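Q: Structure in structure tokens, see below.
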Ligand SMILES: Cc1ncc(C[n+]2csc(CCOP(=O)(O)OP(=O)(O)O)c2C)c(N)n1
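Structure, rendered in structure tokens:
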């Protein structure tokens, strides 16, 4: 049977389908997802792996009454299609297009938007505590890596102790985060998963037996489970545990979800799925290449562009260079793939610590380890927010010499407002003892990492999610905190990172006679910069791609105000309350009034009486 997924307006129709028709629908959904993601990029493997689970949720529960909560919500494409958004997939992750995550704006069937991992169980508790219709079920879908994060475990612990709220948690266990999952719990799942006899018996009973026999099995199952698996921490936390079941078998999924629905107790239904199911390249992927992808050829699979190099890889290569000379530990929270640390892992496996999706743990660990050895911590700007207290209280307050590498800083294209790198500067700006750097290009970035590596205080080095043509890198003298890129008579323009050359091209193309300053140290404000501005005594414009509160512009303006500076100061940054959706960097700069037209407009204002 064929389905036109663009025509689906409401998921209710699936309740009338036979198992064979549901299998056809699953296959159609997979083809559709592979096709659309190959054209637009997006989260591929997680969506392919969870097709039957989400079909099962919509089959067994009623999304008009019940609330579905997707963890991260990177795997919610099937839910989007079934709730009427199939027709919008040509604009997936484009400006004004469909978000790659659940979105309140997009649909009244999306009850939790996060983009950040492991919040679904807390959200589920919130919905259950505020429920007025006692027939409403609240069901969360969470991956095996995300359930091991601190907040997820806190929510489990909390919900397990509550009477009468009966959460249903669907655990989607593919033994993968982006790369293979980490930690004790992952080993414990793996014990559950690989107890083949147990799983096969489970699936057999879920699939074949009438309810009465299944109930008998359910009763004796505890002792089999105890014998084979010894313990199960979900049960210790107050949940009824069901599974593990084959989560890519729609018949089994439906039967087990129906059983969970009837149970009326807090329960976890554990499904084992195949990440990337239905697309052989993704099924065979061991490193997470198909977790999130850029557009690619369906026939050839994802190809790595050898002519360019991302900032992430450049940083990883620089760390390898340093590691060859000097021992240090490198901590990453589940981002071996995103931070391109595969080579580092291969060369120095015992120096690379992957703590799973636990940014708080990563930062706290970095602080204590740094008391005895050199530590580098890599974090995406947006996920660094999760570790705010540990960065502030444990690393910066204590002046611990941790090098913190902030990837995906500044405006981030395509992922939307949950993944922007525009807040970390404000966050670090208020922390004591920390120095914050950014390089104008890859040569500068590499030199900054090498030069600032041995500082005895917390050091942040930011870089964007960008790739550049491969070229021979130069050693740049970064001992000066700022450099004059070009001199002009009418005023002074200050920027940092790749924005320096963005502004430079704007000045050159329009013959604007202004001095351009590349700042390498953002905090404390580059040594000598304020004195230089006072001495020059000209209007100043500061151009950044971060949130205005806590920006360099704000810091320079307040410093100059204290010095009784009389010239005009304009700070171009992202205004309060503006969040940046999906789009190219240029589209987002335009939305934030930070494109070249706006730069020119503001430069003209500098000298206006
Ligand atoms: C706080 C936070 N850290 C990191 C990420 C990046 N991230 C997105 S999905 C993902 C892996 C999730 O693994 P799992 O929960 O097992 O789901 P799967 O994708 O395997 O289905 C990671 C690390 C994130 N979204 N949020």
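Numbering (this note's numbering), first residue to last: 486 to 1094. In this text, a Cβ means the ideal position worked out from N, Cα and C, and glycines have one as well. Note that the structure is predicted; figures quoted are calculated from it, not measured.
(1) In three-state terms, what does DSSP make of residue 768?
(2) Tell me whether residue 546 sits in a helix, a strand or coil according to DSSP, three-state version.
(3) Just curious, the alpha helix (DSSP H) that residue 796 is in, first and last residue?
(4) Measuring CB atoms only, is the stretch 941 to 953 touching the stretch 867 to 885, in the sense that at least three cross pairs come out at less than 8 Å?
(5) Just checking my contact of residue 850 with residue 837 at CB under 8 Å: how many whole Å lie between their CB atoms?
(6) Buried or exposed for residue 835, going by 16 or more other Cβ atoms inside 10 Å?
(7) Just how far apart, CA to CA, sit residue 646 and residue 557?
(8) Identify, in the order they occur along the chain, each residue of the same chain with its Cβ nearer than 8 Å to the Cβ of residue 972, setting aside the five sequence neighbours on each side.
(9) At which residue ranges does the stretch 527 to 602 contain complete beta strand (DSSP E) runs of 3 or more residues, listed in the order of the chain?
(10) In terms of residue numbering, what span does the alpha helix (DSSP H) encompassing residue 1026 cover?
(11) Assuming residue 891 and residue 911 make a contact with CB atoms under 8 Å, what is their CB distance in whole Å?
(12) Are residue 1047 and residue 1004 touching if we call contact CB-CB under 7 Å?
(13) Less than 6 Å between the CB of residue 630 and some heavy atom of ligand 1, yes or no?
(14) Would you say the beta carbon of residue 661 comes nearer than 6 Å to a heavy atom of ligand 1?
(15) List the whole-angstrom C-beta distance separating residue 913 from residue 861, where the pair is believed to meet the contact cut-off of C-beta under 8 Å.
(16) Cutting at 7 Å between CB atoms, please list the residues of its own chain near residue 938, excluding the five before and the five after it.
(17) Start and end of the beta strand (DSSP E) containing residue 1090?
(18) Tell me residue 1035's beta-bridge partners as DSSP assigns them.
(19) Measure the C-alpha to C-alpha separation of residue 962 and residue 817 and round it to an integer number of angstroms.
(20) Quick one: is residue 539 buried, meaning 16 or more other Cβ sit within 10 Å of its Cβ, or exposed?
(21) Grab the span of the beta strand (DSSP E) containing residue 980 for me, first residue to last.
(22) Quick check on the DSSP output: the alpha helix (DSSP H) that includes residue 854 runs from which residue to which?
(23) Just the C-alpha distance for residue 858 and residue 841, rounded to the nearest angstrom, thanks.
(24) Can you tell me whether residue 712 is buried or exposed, with buried defined as 16 or more other CB within 10 angstroms of its CB?
(25) Return yes when the C-beta of residue 601 is under 6 Å from any heavy atom of ligand 1, and no when it is not.
(26) Looking at the structure shown, is residue 776 part of a helix, part of a strand, or coil, going by DSSP?
(27) Looking at ligand 1, does it come within less than 6 Å of residue 531, judged from the CB to the closest heavy atom?
(28) Which residue's Cα is closest to the Cα of residue 734: 565, 1006, 512 and 491?
(29) Nearest-angstrom Cα distance between residue 701 and residue 728?
(30) In this structure, what does DSSP give as the bridge partners for residue 1056?
(31) Could you tell me the boundaries of the alpha helix (DSSP H) in which residue 645 lies?
(32) Which one or two residues does DSSP pair with residue 949 in a beta bridge?
(33) Using the DSSP secondary-structure output, state which residues sit across from residue 923 in a beta bridge.
(34) Given residue 1009, which residues of its chain have a CB within under 8 Å of its CB, disregarding the five upstream and five downstream residues?
(35) Distance, Cα to Cα, residue 542 vs residue 739?
(36) Give the DSSP-derived three-state secondary structure of residue 1021 in the structure shown.
A: Short version:
(1) If DSSP states are grouped into helix, strand and coil, residue 768 belongs with the helices.
(2) Correct three-state label for residue 546: coil.
(3) That run of the alpha helix (DSSP H) goes 796 to 810.
(4) Enough Cβ pairs lie closer than 8 Å, so yes.
(5) In fact, because the Cβ distance is near 13 Å, the residues do not count as touching under 8 Å.
(6) Classification for residue 835: exposed.
(7) Residue 646 and residue 557 have their C-alpha atoms spaced approximately 24 Å apart.
(8) So the qualifying residues of the chain are 1000.
(9) Secondary structure in the stretch 527 to 602: the beta strand (DSSP E) runs of 3 residues or longer, each lying completely within the stretch, are 552 to 555 in chain order.
(10) No alpha helix (DSSP H) holds residue 1026; the beta strand (DSSP E) holding it covers 1025 to 1032.
(11) Contact doesn't hold; Cβ gap of about 12 Å is too wide.
(12) No.
(13) Proximity of the beta carbon of residue 630 to ligand 1 is indicated: a heavy atom of the ligand is located closer than 6 Å.
(14) A distance criterion of 6 Å places the beta-carbon of residue 661 in contact range of ligand 1, judged by its closest non-hydrogen atom.
(15) Contact between residue 913 and residue 861 fails: their C-beta atoms lie close to 16 Å from each other, not under 8 Å.
(16) Answer for residue 938: 807 and 888, listed in chain order.
(17) Annotation for residue 1090: no beta strand (DSSP E) segment contains it, though the alpha helix (DSSP H) segment containing it runs 1081 to 1091.
(18) Residue pairing for residue 1035: DSSP places it in no beta bridge.
(19) Between residue 962 and residue 817, the C-alpha separation is close to 29 Å.
(20) Under a 10 Å Cβ-count criterion, residue 539 is classified as buried, with 16 or more other Cβ atoms of the shown protein chains found around its own Cβ.
(21) Where residue 980 is concerned, the enclosing beta strand (DSSP E) starts and stops at 977 to 980.
(22) Residue 854 -> alpha helix (DSSP H) spans 844 to 854.
(23) In a straight line, the C-alpha of residue 858 is about 22 Å away from that of residue 841.
(24) In this prediction, residue 712 scores a pLDDT of 45, lower than 50, which makes its location untrustworthy; the coordinate-derived value is nonetheless stated afterwards. By the 10 Å Cβ count, residue 712 comes out exposed.
(25) Answer for residue 601: yes, Cβ within range of ligand 1.
(26) Here residue 776 sits in coil by DSSP.
(27) Yes.
(28) For the set 565, 1006, 512 and 491, the Cα lying nearest the Cα of residue 734 is the one of 512.
(29) Reliability of the predicted coordinates at residue 701 is poor, the pLDDT of 48 falling under 50, and the value obtained from them is presented with this limitation in mind. CA-to-CA, the gap between residue 701 and residue 728 works out to about 15 Å.
(30) The partner list for residue 1056 (beta bridge, DSSP) reads 1027.
(31) Bounds of the alpha helix (DSSP H) holding residue 645 are 635 to 646.
(32) Beta-bridge pairing links residue 949 to 894.
(33) Beta-bridge partners assigned by DSSP to residue 923: 947.
(34) If we look at residue 1009 and ignore the five residues flanking it on each side, its Cβ neighbours are 920.
(35) Straight across, the Cα-Cα distance linking residue 542 with residue 739 is about 8 Å.
(36) Helix.
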